[in-house]
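In our numbering, the protein residues as written are 967 to 1305. Structure record follows, encoded as structure tokens.
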Ligand SMILES: Cc1cc2nc3c(=O)[nH]c(=O)nc-3n(C[C@H](O)[C@H](O)[C@H](O)COP(=O)(O)OP(=O)(O)OC[C@H]3O[C@@H](n4cnc5c(N)ncnc54)[C@H](O)[C@@H]3O)c2cc1C
Ligand code: SF4
């Protein structure tokens, strides 16, 4: 690992002040925030990211490690651990898709260490990105090409890709937030703001190195999830190469509001299949007002993948993604919701 300057500010105000000073001194300075460290330290050891300064946000747990149900709104501090949120009784009961997306992710040790904010900002698992001995990776070195296009791309994305990058967004929790119309609170050297979660991740386009809409020095402080008719009838279904401690090959976050068998509203997000957490709006529209049967679910799944672009080794993901979505919808429809 390369040498770096380490600091641990005692408060959010101090962290933002430090970042402001870093940016004012040298706008190009490669400073990185450290939360649980389970992504950042891996990538530093692999020499993929090379921050000159590491600003440890550990002290933020004091203020932003919380799980609160306020009226009909769930508020999750960005420094709450994955494990704590996955096991919280209110989350399990009222927002099952959130609890399941977290408990099906990573390992128990990682979930104990990792924060929600770090989780949504984790980087792709594309092997060419994670190994600097490969020259061609537009995400790691802008303008260098993409080794995955003609390489091993079985795990890569079929939705939202570009000629410049076909990497998959690897996380699970993000799909739950996206399906439930969550928003993200952000603090930065220039003030605070709140954006829809859907606006956090950027499609790769011709700048795959720019993965989010966060400005330099901004810190995620909180996720806000509104309660709605569909939050309790929600689930996360994750298909992977082995049953634990593995990233998704395909996953779905589904939330349904039903009137008998008729779909009033469906909320659907796809994981393991796209460059960013992927909302399947066309599938939601196809279901609205229909009776939910295998047939209508299959038709909606077809809509969800209408624009899919397979690579040389991952065409199977289109069929797998569709059947995962059908299964997710049928499971959600059959859930018993206690009064
Ligand atoms: C072997 C392995 C298997 C895994 N399997 C899965 C899986 O199946 N599903 C899944 O979802 N994840 C999986 N993960 C990823 C894991 O969940 C993430 O590494 C973890 O959630 C990151 O959280 P962290 O707090 O450790 O982040 P860190 O490593 O500290 O930070 C990650 C990134 O986010 C930035 N950051 C962190 N917090 C903030 C904040 N509040 N504001 C702004 N920037 C911030 C950091 O600067 C860094 O760039 C796996 C990881 C490993 C190592
Ligand atoms: S898919 Fe993206 S991350 Fe992977 S090699 Fe290509 S540019 Fe790099």
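Note that beta-carbon positions come from the ideal geometry of N, C-alpha and C, so glycine has one too. Quantities reported herein were computed from a predicted structural model and do not represent experimental measurements.
Alpha-carbon spacing of residue i relative to residue j, whole angstroms
i            : j            : result
residue 1263 : residue 1253 : 7 Å
residue 1205 : residue 1290 : 8 Å
residue 1255 : residue 1083 : 36 Å
residue 1245 : residue 1150 : 16 Å
residue 1237 : residue 1047 : 21 Å
residue 980  : residue 1036 : 28 Å
residue 1023 : residue 1188 : 14 Å
residue 1278 : residue 986  : 45 Å
residue 974  : residue 1272 : 48 Å
residue 1282 : residue 1042 : 36 Å
residue 1078 : residue 1248 : 36 Å
residue 1270 : residue 1034 : 33 Å
residue 1300 : residue 976  : 48 Å
residue 1321 : residue 1018 : Nothing about residue 1321 can be read from this structure; the chain reaches only from 967 to 1305.
residue 1131 : residue 1174 : 6 Å
residue 1061 : residue 1040 : 9 Å
residue 1207 : residue 984  : 43 Å
residue 1006 : residue 1178 : 16 Å
residue 1054 : residue 1031 : 13 Å
residue 1296 : residue 970  : 51 Å
residue 1224 : residue 1304 : 14 Å
Sub-7 Å separation of residue i and residue j beta-carbons
i            : j            : result
residue 1080 : residue 991  : no
residue 1287 : residue 1239 : yes
residue 1098 : residue 1008 : no
residue 1196 : residue 1141 : no
residue 1063 : residue 1219 : yes
residue 1250 : residue 1234 : yes
residue 1135 : residue 1113 : no
residue 1107 : residue 1169 : no
residue 1069 : residue 1050 : no
residue 1157 : residue 1128 : no
residue 1044 : residue 1186 : yes
residue 1133 : residue 1092 : yes
residue 1193 : residue 1067 : no
residue 1199 : residue 1222 : yes
residue 988  : residue 1001 : no
residue 967  : residue 1010 : yes
residue 1085 : residue 1137 : yes
residue 1115 : residue 1146 : no
residue 1118 : residue 1110 : no
residue 1268 : residue 1203 : no
residue 1298 : residue 1257 : no
residue 1162 : residue 982  : no
residue 1057 : residue 1274 : no
residue 972  : residue 1015 : no
residue 1280 : residue 1120 : yes
residue 978  : residue 1181 : no
Alpha helix (DSSP H) segment containing residue i, residue limits
i            : result
residue 1223 : Careful: residue 1223 lies outside any alpha helix (DSSP H), inside the beta strand (DSSP E) at 1216-1225.
residue 1247 : 1247-1253
residue 1067 : 1062-1069
residue 1079 : 1074-1079
Residue i, enclosing beta strand (DSSP E) - first and last residue
i            : result
residue 1188 : 1185-1192
residue 1231 : 1228-1237
residue 1162 : 1157-1162
residue 1205 : 1200-1205
residue 1179 : It is not in any beta strand (DSSP E) - residue 1179 carries neither H nor E in the DSSP assignment.
residue 971  : 971-973
Beta-ladder partner(s) of residue i, from DSSP
i            : result
residue 1150 : 1161 and 1189
residue 1196 : Paired residue(s): none; residue 1196 is not in a bridge.
residue 1167 : 1178
residue 981  : For residue 981, which the question treats as bridged, DSSP gives no partner whatsoever.
residue 1240 : 1125
Next item on the list: Jot down the residue ranges of each uninterrupted alpha helix (DSSP H) in the stretch 1257-1283, minimum 4 residues, whole runs only, in chain order.
Entry: 1260-1270
Note to self: I'd like the ranges of any beta strand (DSSP E) spanning at least 3 consecutive residues and lying wholly in the stretch 985-1053.
What the structure shows: 997-1000, 1019-1022, 1033-1036 and 1039-1043
Checklist line | Complete beta strand (DSSP E) runs within the stretch 1083-1147 (minimum length 3 residues, chain order) | finding: none
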